[in-house]
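Since the structure comes first, as structure tokens, the remarks are kept for the end.
Chains as they are written, first to last, in the numbering used here: chain A, 109 to 608; chain X, 404 to 935; chain D, 2 to 104; chain B, 323 to 1015.
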């Protein structure tokens, strides 16, 4: 591998370069124009725009970059990764708009430079995760993401719950990634490679000590499960989500989860695949029974998320559990072990990004005004925020998965893939979970509209910008709920992972 | 006809909803009038539809004999390397089974819109949701694509939840969530069976076999794949289980014993117009869907389970009647009477012959009309007295003679008195069901419902309207013009179809015959596939 | 003469890993917990180096170890900063007493 | 007179009262005098009916029918042709019946003009009468069983409305409800019978059913089912004609205005049951007939014993009505078809007269109904008295009256029947009841009109009713004489009514299911309308005179006893009552039928309904919602959960979910080290689960 190759391969990492440049730019601007912190978000948005253009350019280009062996390199560029990059970018846009309006972020005015820098650190980490094909690159990018987010979670240093969240996050994250690294080291020891494609080639047709393989696989799973907050690796999620500033919570729940899913899917598929038949079903090497593991995890995750959410009084915490539940649903798509399932996950992510960000945005606007995230404090607010109320209703209904919303389409695609794979019991479990989820989502709406309160509730105004943002999030939910061809086409075009 | 009348019927309320959302909160009368106008136009459209409807065409399973068909590709995704294509059609059409219910929906909604005039809080929200609900209901009755059907089916849930939950009585939250939960539970069964059927049916579109949600394609035995889990060609198919799940999903809406407990609560708490819609239209969706989907898609299972369906019909009839008798709350009593009356529909359907099914459909229509009147009746006194306890009343007949007159008509229609519409449908149900030796005994026991119905209805009539006037109500006023506007059309319909039921029966006749024949023939074919 | 083989390294690595886990779940002091994390990372490092050396896989393992060391440093820095911050707010760094966020 | 004209007249007769009803009801509150419209319409109907009868009886030998298709579903799979026709049949039976109905109805209308004057719902009353007359005509004219059922129910409703006309009185509304519901019990039987017939014959039209039966088509290919179908149809008659055990509604129905009792609960509606049996006489098998006769006998006997002790003038008449209807039913059961129908006609007149007479008394006494408070009214109300007396003589079966003719025929018929089959119970009951009838009727006459007035004050104000009320009485009384029906006061068989107009019916049942005497001999079978065998004629002939004499003796004895008890006071009534206290109470309390039904069926139904209502609330709802003991088990969580999750949605599902949720919550301790332990433990568990792969 010589320098020319490296330079020519830079084309493949154009988006990542753009992010890095923006990151540096933010640092510079922050240092040079100390008094003009207001420009930082706009620079970020500009950077993201460029990145978006590059990502879109990358669609339909696929290939390995920074090759370490004949067939594979450190970085893989394919539509699958690009799709999740788009999700990450979308979430980033939204969250930066969030941050502009967040009163929590406003508290740390003097550290805005830091804030946006770290945000871009996260983005870079997630981009690298999306395209990494090497366990070490993967590990490093995860760490980049984690380290940035540890700080962001604890951004508001003065509040206890903020600091506590970041401490828990860092300890939990550190141990998880440590275990993962240990797993990687074992894989390296067995196969002599850290490249996923190479590992796959090596383990095909050979007999490996399966117990060690299982152990290392599970160790890696701990790290990835931590990222996507799948049970039983989810414990940090509610605490950290509750403690973190709302924009960061929203961001973690969408972007970081998306990146986690990319890595998990890539790891499982590329490393252990034996072949894909014409129906898009994967034949995995019979080393680790990934399907059973994922099924077990997904059932556990969604059940736990939904049932624990029933008890929550804090809306943010409730949404945290709800994101766990949704991770469980999405794991179902992986459990199918087919292209169809992957497509279902991607469709789900589109819907999930819209509705989850929307819900958090509403929570933030309300919290800005009334200073509380308690569900009981939402009683009777339906009248004082007609617009927000309707939008929150749309987001929550979509989270339940009732038509005509994108959330419904996402669930349908998921169930279609499940039934196609004859995993009907699993589909029924998931559906029953949906019913359970009704309780806690509807409770918010109940407090908003059904409960009549004596006291006067303050009007909660929505700024024009926020209004636009909310509509941008809500309208597609309804539109895709009725006309979902575009999202399915998009997901379908992106579902193929390089190599198979 | 080129005019897309069904689309208009279905989506006109949405248009109204959008306009109302754009209006100011203070324009109360304008909002109410707009709703009334929209629902009125719907009635007109339904009448135009009836006028242009050719009742000689069968429908049921072949597209060619459906009428006012609108079909175009809604979702069109090609080039899946792994599962082929996803094609979903926007597919509307009516036949003799749905036309009566379309008519019913427009009438009842119109009456409910009049009845909504008394709503006083959050007018804008109420009427927006009301119209949204309207669209959902209409959509269910005209869609012929399972996916579309399901969307409309679910579309009603939320408006209903809010309409009960915000404008309802004291325990409205409980009732609303109960309604929502039950029906959502029902629809998850629906969803899973829908997907199962999707993978078992392949329609030929543009020359290639494609999985489809098209209900009519699902009824065609040629379209079944060899390995779909719900395909009769697949020896390990799960059709029986799927049928039961689907049936349970629909049964919750009917509501069939023992899934009925949401109904009394929902009714008691809902405001009058919503009770009217709930009992008048929503309940019919369950039985309609069974006829539209369960029966023709699973003819052989239907035949196997017919005895159980009839049995549940019987239990509904008798159990509902007994429960009604025990009630002290007027509205709850009416609610249980609905349980009882929907039992006749089940019984009639179970007969699987012309009279039984005609009777069942006619009973759906009639019960829709009658029970709407009954709920309005309760609403009228509740508006005046703010109580619904039967024992609080007595002798209202003296003070409100005209009202009592309408009450008598509606009550006797509910009892199934000849000359009013309830009779002929019940008679058809019994005639049809008795003709089937398998369920003959059940039919005979079910006739007890006629007696019990008379028992609780007349007892109610006596407790509320007859006897000595309770002095508390000495200055009650008789009906006003608005209330006349609700009772008169309903009473006219009751009397008209009681005296001359032929138009309604002829309207549905060829479809019912087609259905009966289809079920009979296809069942034999399916059974011959050897998996039974 | 006793020759040091792969097994010895692996045993050391496993012991270190276990110690790390043990530290993480038993120590009350946040700093000790962080040290446990370092132990875990370093146990992995030993693996990488040992495998690279004995498995004849080239220098990749050693390079990875370098990366991890750098990363561990960064992580330690951030974690300590957070611990410091905690200490400033509640004057306590006992991890089992920091449990206000819970169900 | 053509057939089509006849039909048109019949249609007019049928629908005019309906027009009266609609107009009177709708304009009732606006136009005070609208009741006159109803009255005039009724006169027209009456004229129409008389014309019909006259021409039918004189000019048409054949039966005239006309029908139109009500519902035509064409040829259907599985069920063949479905076609429901409604139609009118004009034969001797129906035209005679319609005259009776219209005549009594008109008279009652006229009578009511005065009787009901001053009632706040005056016009509505006439409207209801119109509805009733329409419904009753429907029963009379119908040529098919479904239409019969339709009008059957409609008369039920009009009866309900009229009994409960003074609905402010709880007893009135109770009685109305009771009447309707008890009737419905019978109707269900009838309905099931109809179901059987339709399922077998695919038609409701009687003629077609008859012709198919006579071709040997039997329900479910079994003649037992024909018997059952017959008995089920007859159940409708049990209800409507107030036969034991469904007779309990009729005495209570006396809560209605008295003219209504005369019209509906004495003369016409209650006779509909008899009319039904007459109409479908041909399908009854011997077993069914025996059942009918048995019910008839019981219904003749039991109410007669009750009537002995009743003190309410209308109740006595009501029980007497049941008893007389029992006679008719019994007569049909023993095959005395013609006499049964004859008795229906004669009874209609004299019983209507009795009721209107009692109405006149009640009106005169200002709504006093207890005969213990009457007495001596003879002088104050002479016209009422004489007409009442004539009718009483008629009902007791005294010669020269119409009642003598018809009753004697029935007794002779039962006698002959006993002779042929050995069922001696029927004549025994018949004769015994004849005596009871005479006794209680004269008890009534004597206590009401003779003797000393018991309530002086009321007595003072008594006056003879107005002309408009007495005219109907006179007309009806006159109709209670023999000469309208036969020139021969002794042998009714010689009169035009029985020899020309009412003849033995055709039978359609398979011969093996009939009585031997009902199988026609070959000789007479072809042309003559006599469908019974010669054996029967002979038996009748033999029975005629003994029966007549015996019945005369019984009637005489009854009247004599009544005079001894209540006129000459030869017997101390109260002493007798004391002596036979138990028997007296048994009769006084109407054999405890009401109590028995209340305690069993009514209470049982209500208890069951309450139980099911509770069951529904607690158990069915509870199974889903969480039953009581689970509540206790989880009471710890409930308090919180109720408020937290769905405010009071006590839901089993919710409990379970909440419980699971609670377990999951337990893991969320807030301590990061605990979390890590959980992670590691799960890792180990996963390892163990999947290690065997």
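For every residue, glycine included, the Cβ atom is placed at its ideal position computed from N, Cα and C.
Query raised in the report: Out of B/571, B/1008 and B/463, which has the shortest C-alpha to C-alpha gap to residue 917 of chain B?
Result: The sequence position of residue 917 of chain B within the fourth chain is 595, counting from 1. Nearest of B/571, B/1008 and B/463 to residue 917 of chain B, Cα basis: B/571.
**Report entry** CA-to-CA distance, residue 621 of chain B to residue 633 of chain B, given in whole angstroms
**Finding:** To locate residue 633 of chain B, count along the fourth chain from 1; it is residue 311. To locate residue 621 of chain B, count along the fourth chain from 1; it is residue 299. Taking the straight line joining both Cα atoms gives about 20 Å.
Query raised in the report: What is the residue span of the beta strand (DSSP E) that residue 992 of chain B lies within?
Result: Counting from one through the fourth chain, the residue named residue 992 of chain B turns up at place 670. First-last for residue 992 of chain B: undefined, no H or E at that position.
Query raised in the report: Would the segment 559-575 of chain X and the segment 592-599 of chain X be scored as touching if the rule is three or more Cβ pairs under 8 Å?
Result: no
Report task. Assign residue 319 of chain A to buried or exposed, taking buried as 16 or more other Cβ atoms, counted over all protein chains shown, within 10 Å of its Cβ. Result -> Within the first chain, numbered from 1, the residue matching residue 319 of chain A stands at position 211. When all chains shown are included, residue 319 of chain A counts as exposed.
Query raised in the report: Going along chain B, which residues have a C-beta under 7 Å from residue 795 of chain X?
Result: Taking the second chain and counting its residues from 1, one reaches residue 795 of chain X at position 392. None at all; the shortest Cβ gap to chain B is about 16 Å.
Query raised in the report: Nearest-angstrom Cα distance between residue 577 of chain B and residue 727 of chain X?
Result: Here residue 577 of chain B is taken as the residue at index 255 of the fourth chain, counted from 1. Here residue 727 of chain X is taken as the residue at index 324 of the second chain, counted from 1. Each residue's alpha carbon lies about 28 Å from the other.
Query - CB contact below 8 Å: residue 979 of chain B versus chain A - result: As a working mapping, residue 979 of chain B is identified with position 657 in the fourth chain. True, the Cβ-Cβ gap to chain A drops below 8 Å.
Requested in this report: Could you check the C-alpha separation between residue 857 of chain X and residue 647 of chain B for me, to the nearest Å?
Outcome: Translated into positions along the second chain, residue 857 of chain X becomes position 454. Translated into positions along the fourth chain, residue 647 of chain B becomes position 325. Whole-angstrom Cα-Cα distance: 26 Å.
**Report entry** Listed by chain order, chain X residues near residue 521 of chain B by CB distance under 7 Å
**Finding:** For the purposes of this step, residue 521 of chain B is taken as the residue at position 199 of the fourth chain. Going along chain X in sequence order, the residues near residue 521 of chain B (Cβ under 7 Å) are 837 and 838.
Query raised in the report: Would you say the beta carbon of residue 767 of chain B comes nearer than 7 Å to a heavy atom of the ligand ZN?
Result: The ligand ZN is not part of the structure shown, which contains no ligands of any sort.
Requested in this report: Put residue 389 of chain B into one of helix, strand or coil per three-state DSSP.
Outcome: By 1-based counting over the fourth chain, the position of residue 389 of chain B is 67. Three-state DSSP puts residue 389 of chain B in a strand.
Query raised in the report: Mapping DSSP to helix, strand and coil, what is residue 565 of chain B?
Result: In the fourth chain, the residue the question calls residue 565 of chain B occupies position 243. Coil.
Query - Buried or exposed by the 16-neighbour rule on C-beta atoms within 10 Å, applied to residue 838 of chain X - result: For the purposes of this step, residue 838 of chain X is taken as residue 435 along the second chain, with counting starting at 1. Buried, because 16 or more other Cβ atoms sit within 10 Å of the Cβ of residue 838 of chain X.
Query raised in the report: Roughly how many angstroms separate the alpha carbons of residue 495 of chain X and residue 448 of chain A, rounded to a whole number?
Result: Along the second chain, read from residue 1 onward, the residue named residue 495 of chain X stands at position 92. Along the first chain, read from residue 1 onward, the residue named residue 448 of chain A stands at position 340. Looking at the two C-alpha atoms, the distance is approximately 29 Å.
Query raised in the report: Taking a cut of 9 Å between CB atoms, which residues from the segment 531-547 of chain A lie near chain B?
Result: 543, 544 and 547
Requested in this report: Report the rounded CA-to-CA distance for residue 4 of chain D versus residue 401 of chain A, giving the unit in angstroms.
Outcome: Within the third chain, residue 4 of chain D is the residue found at index 3, counting from 1. Within the first chain, residue 401 of chain A is the residue found at index 293, counting from 1. So the two alpha carbons sit approximately 41 Å from each other.
Report task. Could you spell out the range, first to last residue, of the alpha helix (DSSP H) harbouring residue 608 of chain X? Result -> Stepping through the second chain from its first residue, residue 608 of chain X is reached at position 205. No alpha helix (DSSP H) contains residue 608 of chain X, which is instead part of the beta strand (DSSP E) from 605-608.
Query raised in the report: Between residue 499 of chain X and chain B, is there a C-beta pair that is closer than 8 Å?
Result: Sequence index remark: in the second chain, residue 499 of chain X carries index 96 (1-based). So, not an interface residue.
**Report entry** Contact the segment 818-838 of chain B vs the segment 464-481 of chain B: 3+ CB pairs below 8 Å
**Finding:** no
Query raised in the report: What is the C-beta distance between residue 895 of chain B and residue 670 of chain B, in whole angstroms, given that I count them as a contact (C-beta under 8 Å)?
Result: Working through the fourth chain from its first residue, we reach residue 895 of chain B at position 573. Working through the fourth chain from its first residue, we reach residue 670 of chain B at position 348. Between residue 670 of chain B and residue 895 of chain B the Cβ distance is about 32 Å, and since that is not below 8 Å, they are no contact.
Report task. Classify residue 1026 of chain B as buried or exposed, calling it buried when 16 or more other Cβ atoms lie within 10 Å of its own Cβ. Result -> As shown, chain B starts at 323 and ends at 1015. That puts residue 1026 of chain B outside it, with no answer to give.
Query raised in the report: Among B/627, B/389 and B/458, which has the Cα closest to the Cα of residue 751 of chain B?
Result: Taking the fourth chain and counting its residues from 1, the one referred to as residue 751 of chain B is at position 429. Out of B/627, B/389 and B/458, B/627 has the C-alpha closest to the C-alpha of residue 751 of chain B.
Query raised in the report: If residue 1016 of chain B sits next to residue 786 of chain B, beta carbons under 8 Å apart, how far is it from one beta carbon to the other, in whole angstroms?
Result: Residue 1016 of chain B cannot be examined here, being either before or after the span of chain B that is shown, 323 to 1015.
Query - Nearest neighbour of residue 381 of chain A, chosen from A/346, A/391, A/324 and A/594 [CA to CA] - result: Your numbering for residue 381 of chain A matches position 273 in the first chain. Residue 381 of chain A has its Cα closest to that of A/391, out of A/346, A/391, A/324 and A/594.
Query raised in the report: Tell me, which residues are paired with residue 474 of chain X by DSSP?
Result: Here residue 474 of chain X refers to the residue found at position 71 of the second chain. Residue 474 of chain X is bridged to X/494.
Query raised in the report: If contact means a Cβ-Cβ distance below 7 Å, which residues of the segment 549-583 of chain A contact chain X?
Result: 550, 554, 557 and 558
**Report entry** Cα-Cα separation between residue 646 of chain X and residue 712 of chain X, rounded to whole angstroms
**Finding:** On the second chain, residue 646 of chain X is found 243 positions in, with the first residue counted as 1. On the second chain, residue 712 of chain X is found 309 positions in, with the first residue counted as 1. Taking the straight line joining both Cα atoms gives about 12 Å.
Query - Burial state of residue 792 of chain X, where buried means 16 or more other Cβ atoms lie within 10 Å - result: As a first step, residue 792 of chain X is located in the second chain; it is residue number 389 there, counting from the start. With fewer than 16 Cβ atoms within 10 Å of its Cβ, residue 792 of chain X is classed as exposed.
Query raised in the report: Going by other Cβ atoms of all chains shown within 10 Å of its Cβ, with 16 needed for buried, is residue 849 of chain B buried or exposed?
Result: Stepping through the fourth chain from its first residue, residue 849 of chain B is reached at position 527. At residue 849 of chain B the pLDDT is 43, less than 50, meaning the model places this residue with poor confidence and gives no usable figure here.
Query raised in the report: At a Cβ threshold of 8 Å, is residue 617 of chain X touching chain C?
Result: Note that chain C does not occur in the displayed structure, where the protein chains are A, X, D and B.
**Report entry** Alpha-carbon spacing of residue 336 of chain A relative to residue 431 of chain A, whole angstroms
**Finding:** Start at 1 with the first residue of the first chain, and residue 336 of chain A comes out as number 228. Start at 1 with the first residue of the first chain, and residue 431 of chain A comes out as number 323. If I take the Cα positions, the gap works out to 9 Å.
Requested in this report: Return the chain-ordered ranges of every alpha helix (DSSP H) run that is complete within the segment 776-801 of chain B and spans a minimum of 4 residues.
Outcome: 778-783 and 789-800
Query raised in the report: From what residue to what residue does the alpha helix (DSSP H) around residue 194 of chain A run?
Result: In the first chain, counting from the first residue as 1, residue 194 of chain A sits at position 86. Here the alpha helix (DSSP H) through residue 194 of chain A covers 187-209.
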